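Chemist:
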Amino acid sequence: MKNFQLEDFEEQFLNQLSNITEKNNLINPDLFSKYNVKRGLRDQDGKGVLVGLTEIGEVHAYIIDENETIPVPGRLIYRGIDISDIVDGFLKDGRFGFEETCYLLLFGELPDEKTLAGFEQLLAEYRKLPDDFVRDMILKAPSKDMMNVLARSVLALYSFDDNADDTSINNVLKQCIRLIACFPLLAVYGYQAYSHYHGNNSLYIHSPRPDFSTAENVLHMLRPDSKFTRLEATLLDLALVLHAEHGGGNNSSFVTHVVTSSGSDTYSAIAAALGSLKGPRHGGANIKVYQMFEDMKQNIRDFGDDEGIENYLVKLVNKQAFDRSGLIYGIGHAVYSISDPRTVIFKEHIARLAKEKGLEDEYNLYLKVEEKAPEIIGEYRKMYKGVSANVDFYSGFVYRMLDIPIELFTPIFAVSRIAGWSAHRIEEIVNSGKIIRPAYKSVSKRRKYIPMDGRKGV
151 MKNFQLEDFE EQFLNQLSNI TEKNNLINPD LFSKYNVKRG LRDQDGKGVL
201 VGLTEIGEVH AYIIDENETI PVPGRLIYRG IDISDIVDGF LKDGRFGFEE
251 TCYLLLFGEL PDEKTLAGFE QLLAEYRKLP DDFVRDMILK APSKDMMNVL
301 ARSVLALYSF DDNADDTSIN NVLKQCIRLI ACFPLLAVYG YQAYSHYHGN
351 NSLYIHSPRP DFSTAENVLH MLRPDSKFTR LEATLLDLAL VLHAEHGGGN
401 NSSFVTHVVT SSGSDTYSAI AAALGSLKGP RHGGANIKVY QMFEDMKQNI
451 RDFGDDEGIE NYLVKLVNKQ AFDRSGLIYG IGHAVYSISD PRTVIFKEHI
501 ARLAKEKGLE DEYNLYLKVE EKAPEIIGEY RKMYKGVSAN VDFYSGFVYR
551 MLDIPIELFT PIFAVSRIAG WSAHRIEEIV NSGKIIRPAY KSVSKRRKYI
601 PMDGRKGV
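If you read the sequence shown in the numbering used here, its first letter stands for residue 151, the second for the next number, and so on.
1. Give the DSSP-derived three-state secondary structure of VAL222 in the structure shown.
2. Report all residues from its chain with a CB closer than 7 Å to the CB of ASN436; omit the five preceding and five following residues, and keep chain order.
3. Just to confirm the assignment, what range does the alpha helix (DSSP H) spanning ALA573 have?
4. Look up ASP286 in the DSSP assignment and say whether it is helix, strand or coil.
5. Measuring CA to CA, which of ASN400, LYS264, VAL494, GLU498 is closest to ILE206?
6. With DSSP run on the structure shown, which of helix, strand or coil describes TYR228?
7. Hey, would you say ILE233 sits closer than 8 Å to ILE495, going by beta carbons?
8. Going by beta-carbon coordinates alone, are TYR276 and THR251 separated by less than 8 Å?
9. What residue range is occupied by the uninterrupted alpha helix (DSSP H) comprising ILE495?
10. Could you check where the alpha helix (DSSP H) with GLU444 kicks off and where it finishes?
11. Below 8 Å, can you find three or more Cβ-Cβ pairs linking the stretch 576-587 to the stretch 314-330?
12. Look at the alpha carbon of LEU305 and the alpha carbon of ILE568, and state the distance between them as a whole number of angstroms.
13. Using CA coordinates, which residue listed in SER538, TYR185, ILE562 is at the minimum distance from ILE330?
14. Exposed or buried, which one is PRO588 when buried takes at least 16 other CB atoms within 10 Å?
15. Spatial neighbours of LEU353 within its chain, please: CB distance less than 7 Å, with the 5 preceding and 5 following residues excluded, ordered by chain position.
16. Candidates GLY536, ASN540, VAL464, GLY528: which alpha carbon is nearest PRO221's?
17. Can you give me the start and stop residues for the alpha helix (DSSP H) that ALA523 sits inside?
18. Pair every Cβ in the stretch 475-493 with every Cβ in the stretch 512-530, then say whether three or more of these pairs are closer than 8 Å.
19. Would you identify the three-state DSSP class for TYR590, choosing helix, strand or coil?
20. Quick check on GLY546: does DSSP put it in helix, strand or coil?
21. Measuring only the C-alpha atoms, how far is TYR513 from ALA501?
22. Under the three-state reduction of DSSP, which class applies to GLU457: helix, strand or coil?
23. Considering PHE182, what are the terminal residues of the alpha helix (DSSP H) in which it resides?
24. So what's ALA539 in DSSP terms, helix, strand or just coil?
25. Ordered along the chain, which non-local residues of its own chain (more than five positions away) have a Cβ less than 6 Å from that of ALA394?
26. When you compare each of LYS447, SER582, LYS428 to GLU557 by their alpha carbons, which one comes out closest?
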């Protein structure tokens with residue numbers, strides 16, 4: 151039998167198996183209501199099902215008044231401190247804030263000047279990879295997906311750790327700080343390998359500088375000439391701060407709790423979180439926003455054409471434009487309704503970067519879509535709560551202004567969120583909780599075993 155005949159058989163047989171698989175795994179949606187199943191661990195009104203307690207992060211979007219849920223402007227709180235106050239604090243002092251934020255999330259308190267300097271020095275010392283790791287693990291096996299590079303590299307680092315399975319707080323803390331320090335290298339070097347081997351571009355591997363912050367090192371290692379402005383580094387640092395933590399209920403942080411509760415090692419827990427963040431419903435959302443706006447710009451010649459913008463948005467919700475999903479990406483959030491506090495903070499500073507880059511017209515387009523999209527969604531869709539722009543709506547635009555390639559959009563998110571994941575892993579270990587194992591009800595009908603000679607073929 152020739153190869154093409156084998157390939158034809160394989161494709162036909164797999165298609166048959168695929169149809170059988172889909173048919174035999176489909177659950178009647180009415181059963182979810184019958185058994186009061188909280189799909190996605192969310193109530194009918196959209197509120198999350200309480201599955202744990204945390205002191206690390208809090209997402210606040212409504213109040214309860216006389217048993218009635220009343221939406222309020224969103225707030226994001228790190229270790230009891232409002233994110234807006236944290237941002238105002240380090241910006242007022244002219245400092246970068248991500249390292250301070252990492253310390254706060256890990257240790258539960260703000261560092262004084264001496265302690266922060268010591269923590270930054272520790273990160274600088276840890277901001278290096280094992281000998282030949284870049285050559286053997288990154289350059290020799292370049293991937294077209296940087297999240298794959300990150301997850302694979304994290305699992306590979308297990309082999310270089312003599313105490314990889316030690317889950318004592320002292321050891322896990324050390325592992326987490328090392329990962330926080332190394333994530334920028336893993337992400338940027340992974341991209342440089344991809345750009346070189348798959349894009350035929352020159353290969354640049356810049357060593358991180360100990361005097362640079364995390365944001366500065368990302369730009370330094372990414373750009374061929376290592377040059378960047380203070381404003382560029384400030385905006386990237388702000389993005390890292392805003393993405394560092396979002397409560398224990400977000401998908402990837404919950405995954406961290408779940409894997410940690412099994413007693414598994416740090417590298418496995420963080421790799422699992424990376425797998426979660428890779429999904430377009432989670433960390434990959436800003437890529438969809440970016441691609442949507444690129445399509446929008448192809449269909450709207452005049453960014454000041456309000457009617458044209460509205461018509462395009464109507465086509466989006468009616469599945470007639472872009473990917474025909476019916477979604478306006480970047481609008482709406484599982485928790486926030488009136489406003490996403492990260493978006494509110496981001497917007498205050500994006501205008502300056504847009505002006506510096508000569509992209510004010512495009513920034514104004516984002517503002518108009520943010521204004522009009524909730525009205526159009528409200529007109530064409532049945533909603534249980536209001537919608538507003540989430541942080542992904544603007545983050546992709548910021549990354550593009552910073553000349554960060556689209557392949558690194560989600561990895562930059564991971565460079566930030568590793569701080570929150572680390573804090574949640576440590577919290578799970580400290581509290582020695584039970585293994586997380588929610589219940590699933592089987593709705594399969596009982597059947598008798600059929601001998602081979604009595605079975606029907608595919």
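From the three backbone atoms N, C-alpha and C, an ideal C-beta is built for every residue, glycine too.
All figures in this text were calculated on a predicted structure; none of them were measured in a lab.
Modeler: If we stick to the structure as given:
1. Three-state result, VAL222: strand.
2. ASP542, SER545, GLY546, PHE559
3. From DSSP, the alpha helix (DSSP H) with ALA573 extends over 559-580.
4. helix
5. ASN400
6. Here TYR228 sits in strand by DSSP.
7. At the C-beta level, ILE233 and ILE495 come within 8 Å of one another.
8. Contact: no.
9. 491-507
10. Here the alpha helix (DSSP H) through GLU444 covers 435-449.
11. yes
12. Those two C-alpha atoms are separated by around 14 Å.
13. ILE562
14. exposed
15. GLN342, HIS346
16. GLY536
17. 510-530
18. At 8 Å Cβ cutoff, the stretches touch.
19. coil
20. helix
21. Those two C-alpha atoms are separated by around 7 Å.
22. If DSSP states are grouped into helix, strand and coil, GLU457 belongs with the helices.
23. 180-184
24. In the three-state DSSP reduction, ALA539 falls in the strand class (E or B).
25. THR251, SER566, ALA569, GLY570
26. GLU557 has its Cα closest to that of LYS428, out of LYS447, SER582, LYS428.
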